[in-house]
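Here is the structure we will look at, set down as structure tokens.
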Amino acid sequence: MNRSSFIRRLSLVAAAGFASLFATSAALAQAAPPAAMRETMAIGDEPGRVSTEEVIIREGAFARQLVFFRSTEPVGTLVIHTSERFLYLVLGNNRALRYGIGVGREGFTWSGLVRVSRKAEWPDWTPPPEMIERQPYLPRFMAGGPGNPMGSRALYLGSTIYRIHGTNQPETIGHAVSSGCFRLANGDVIDLYSRVQTGTKVVIRHAATL
Amino acid sequence: MSCLATRVHRTLPVLSMLAAALVLAGCASTPAPVAQPQRPQIRPAAYPVSALVGSWGIASYREDRDRPRTETMARQHCRTPYVITPGPTDGIMMHVADDPKAYELTLKGGADGKTYLGFETPPPHAQDREILSLTENVIVMRFIAPDVHARYGTFVYVRCPGGAQAAAPRRT
Numbered sequence: 048m049n050r051s052s053f054i055r056r057l058s059l060v061a062a063a064g065f066a067s068l069f070a071t072s073a074a075l076a077q078a079a080p081p082a083a084m085r086e087t088m089a090i091g092d093e094p095g096r097v098s099t100e101e102v103i104i105r106e107g108a109f110a111r112q113l114v115f116f117r118s119t120e121p122v123g124t125l126v127i128h129t130s131e132r133f134l135y136l137v138l139g140n141n142r143a144l145r146y147g148i149g150v151g152r153e154g155f156t157w158s159g160l161v162r163v164s165r166k167a168e169w170p171d172w173t174p175p176p177e178m179i180e181r182q183p184y185l186p187r188f189m190a191g192g193p194g195n196p197m198g199s200r201a202l203y204l205g206s207t208i209y210r211i212h213g214t215n216q217p218e219t220i221g222h223a224v225s226s227g228c229f230r231l232a233n234g235d236v237i238d239l240y241s242r243v244q245t246g247t248k249v250v251i252r253h254a255a256t257l
Numbered sequence: 144m145s146c147l148a149t150r151v152h153r154t155l156p157v158l159s160m161l162a163a164a165l166v167l168a169g170c171a172s173t174p175a176p177v178a179q180p181q182r183p184q185i186r187p188a189a190y191p192v193s194a195l196v197g198s199w200g201i202a203s204y205r206e207d208r209d210r211p212r213t214e215t216m217a218r219q220h221c222r223t224p225y226v227i228t229p230g231p232t233d234g235i236m237m238h239v240a241d242d243p244k245a246y247e248l249t250l251k252g253g254a255d256g257k258t259y260l261g262f263e264t265p266p267p268h269a270q271d272r273e274i275l276s277l278t279e280n281v282i283v284m285r286f287i288a289p290d291v292h293a294r295y296g297t298f299v300y301v302r303c304p305g306g307a308q309a310a311a312p313r314r315t
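These protein sequences, in sequence, are chains V and L. So the first sequence is numbered by my numbering: it starts at 48 and just counts up by one. So the second sequence is numbered by my numbering: it starts at 144 and just counts up by one.
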């Protein structure tokens, strides 16, 4: 994809995606209130549930693992295959460290070439206005920490509104659930964060190439 | 004789029933004292509920070190204020956790000396918030349910410019 095409597509996705950015990361079924509780309308959207930062995907295809990966990208490059739900950290010699990820749901996927513009531990979260409209009880700003839907770490992608970040819902790894961001289990994003520097090249591919 | 025997035979069951009724009535007339559960009382709150009315910038934090910048961010988010209006009776219209519908809530004093915000039920109730501090322009509160507090953190409400009680509400 050439640069202008990428920017045009990114703009469209951004306009649509900002409306509900991270909305699904907050999705969580609410348990029925006990009888003693006053019945109020239950909704699915909540800030992320609390998850310990040690949560790591340890089994199955989405577990962090060393894999064969043929690529001409320089060592240290991040390659994201949204269709596969994998993020690869290129190690050279046809090898890569592969992480399972959650990606944007239909209509919120994108591709392109960006760089890591910023890194943050326990990043803050600012719900978009549309989310506030839907959930008026939300804080307009949530300082980072356990329970914050952004999870334990974030890698900001260029000047876009998208990030590679943690999640308190590791069961969503391998699924298309977000509004365009790429999510890893909190323990895995901590590992990735320690291996990636600001300025790292990030290649996002929507369809896997052979 | 047989007539007397018949009369006694007829009368005995009636007498037995009367005796039984008297015994039962006797039981009923001297009830054993039943311990009534001590119902927590709603005590007067330390603050008037009207102190919450107005437009507020709201933000939340988890670590005390984040409190100052959270307060700053709350102030900056007055462009999307949370508006608290008077309720139909003596309370104020606000939300409980995870519910987009506003309810009439009130300030309540607890037996523990704390001030709670919630439905008009004896505090502390699972859907209550605890008021940690309240001044004219800044309120700090948290949900008392541990799981809800863990998800939302501690809330800071900063009164928005022109967001005094008399200000016209934009929305809640």
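Just so it is clear, CB atoms sit at the ideal spot from N, CA and C, and this is done for glycine as well. This structure is a prediction, so every number in the text was calculated from the model and none was measured.
Hey, is residue i's beta-carbon within less than 9 Å of any beta-carbon in chain V?
i: Y259 of chain L; result: no
i: M216 of chain L; result: yes
i: T228 of chain L; result: no
i: D233 of chain L; result: no
i: V239 of chain L; result: yes
i: T149 of chain L; result: At T149 of chain L, the pLDDT of 45 sits below 50, so the modelled position is not reliable; the number obtained from the coordinates is stated separately. So no, T149 of chain L is outside the interface.
Report the neighbours of residue i on chain V: residues whose CB is nearer than 8 Å to its CB, in chain order.
i: G200 of chain L; result: R187
i: S203 of chain L; result: P186, F188, M189, A190
i: E206 of chain L; result: A190, G192
i: L213 of chain L; result: The question names Leu, but residue 213 of chain L is Thr in the sequence shown. What T213 of chain L touches in chain V: F188, A190.
For a cutoff of 9 Å on Cβ pairs, would you count residue i as touching chain L?
i: R117 of chain V; result: no
i: T247 of chain V; result: no
i: P217 of chain V; result: no
i: D238 of chain V; result: no
i: T87 of chain V; result: Its pLDDT being 44, under 50, T87 of chain V is placed unreliably by the model, and nothing is read from it.
i: G64 of chain V; result: Note that G64 of chain V scores 38 on pLDDT, short of 50, meaning its location in the model is unreliable and no value can be drawn from it.
i: A79 of chain V; result: For A79 of chain V, the predicted structure reports a pLDDT of 29, less than 50, and the residue's modelled location is therefore unreliable. A value from the coordinates is still provided. No, its Cβ sits nowhere closer than 9 Å to a Cβ of chain L.
i: A83 of chain V; result: Confidence in A83 of chain V is poor, its pLDDT being 47 and thus under 50, which makes the residue's placement too unreliable to answer from.
i: Y203 of chain V; result: no
Measuring alpha carbon to alpha carbon, tell me which of the options ends up nearest residue i.
i: T214 of chain V; options: V:M197, V:S130, V:L144, V:R252; result: V:M197
i: A201 of chain V; options: V:S118, V:I237, V:H128; result: V:I237
i: I282 of chain L; options: L:H268, L:P289, L:Y300, L:A269; result: L:Y300
i: G191 of chain V; options: V:G246, V:F155, V:E168, V:Q244; result: V:E168
i: E180 of chain V; options: L:T232, L:P224, L:C303; result: L:P224
i: Y246 of chain L; options: L:A293, L:G253, L:T232, L:K257; result: L:T232
i: H238 of chain L; options: L:G261, L:K257, L:R218; result: L:G261
i: L231 of chain V; options: V:V249, V:F115, V:P193, V:I220; result: V:I220
i: A194 of chain L; options: L:L250, L:Y295, L:F286; result: L:L250
i: E153 of chain V; options: V:A110, V:R117, V:H222; result: V:H222
i: T215 of chain L; options: V:F188, V:V224, V:L204, V:S199; result: V:F188
i: L134 of chain V; options: V:Q244, V:G205, V:T119, V:Q112; result: V:Q112
i: D290 of chain L; options: L:G305, L:Q270, L:R218, L:L275; result: L:Q270
i: P193 of chain V; options: L:L277, L:F286, L:G296; result: L:G296
i: L275 of chain L; options: L:G234, L:R210, L:P243; result: L:R210
i: A129 of chain L; options: L:I185, L:C221, L:P267; result: The requested residue 129 of chain L does not occur in the structure, where chain L is confined to residues 144 to 315.
i: T156 of chain V; options: V:P176, V:R132, V:Q244; result: V:R132
Show which residues of chain L have a CB atom less than 8 Å away from the CB atom of residue i.
i: R181 of chain V; result: P243
i: P176 of chain V; result: T223
Residues of chain V with CB closer than 7 Å to the CB of residue i, please, in chain order.
i: F298 of chain L; result: P186
Using 8 Å for Cβ pairs, my map puts residue i next to residue j. What's the rounded Cβ distance?
i: P186 of chain V; j: H212 of chain V; result: At roughly 18 Å, the Cβ-Cβ gap does not stay under 8 Å, so P186 of chain V and H212 of chain V are not in contact.
i: T228 of chain L; j: V192 of chain L; result: That belief does not hold up - the Cβ atoms of T228 of chain L and V192 of chain L are roughly 12 Å apart, past 8 Å.
i: D235 of chain V; j: I103 of chain V; result: 6 Å
i: G149 of chain V; j: S226 of chain V; result: Between S226 of chain V and G149 of chain V the Cβ distance is about 11 Å, and since that is not below 8 Å, they are no contact.
i: A188 of chain L; j: T264 of chain L; result: 14 Å between Cβ atoms; not a contact.
i: I251 of chain V; j: G159 of chain V; result: 5 Å
i: A254 of chain V; j: S164 of chain V; result: With 8 Å as the limit, A254 of chain V and S164 of chain V do not qualify as a contact, their Cβ atoms being about 25 Å apart.
i: L204 of chain V; j: V137 of chain V; result: Not confirmed; about 17 Å, so no contact.
i: G230 of chain L; j: A217 of chain L; result: Not quite, the Cβ-Cβ distance comes to about 23 Å (not below 8 Å), so this is no contact.
i: T247 of chain V; j: G123 of chain V; result: 6 Å
Can you determine whether any heavy atom of the ligand ATP sits closer than 8 Å to the C-beta of residue i, and answer yes or no?
i: A254 of chain V; result: The ligand ATP is not among the ligands present in this structure, which contains no ligands whatsoever.
How would you list, in chain order, the residues of chain V whose beta-carbon sits under 9 Å from the beta-carbon of residue i?
i: D209 of chain L; result: D171, A190, G191, G192
Exercise for review: Only counting runs of 3 or more residues, tell me where the beta strand (DSSP E) segments fall wholly within the segment 164-246 of chain V, in order along the chain.
Suggested key: Counting only unbroken stretches of 3 or more residues, the beta strand (DSSP E) elements lying wholly within the segment 164-246 of chain V are 200-204, 210-214, 223-225, 229-232, in sequence order.
Check your understanding: Which ranges would you report for the beta strand (DSSP E) in the segment 205-277 of chain L if only whole runs of at least 3 residues count?
Key -> Counting only runs of 3 or more, we get 225-229, 235-238, 245-252, 258-261, 272-277.
**Study point:** beta strand (DSSP E) segments (min. 3 residues) lying fully within the segment 123-155 of chain V
**Key:** The qualifying runs are 125-128, 133-139, 142-147.
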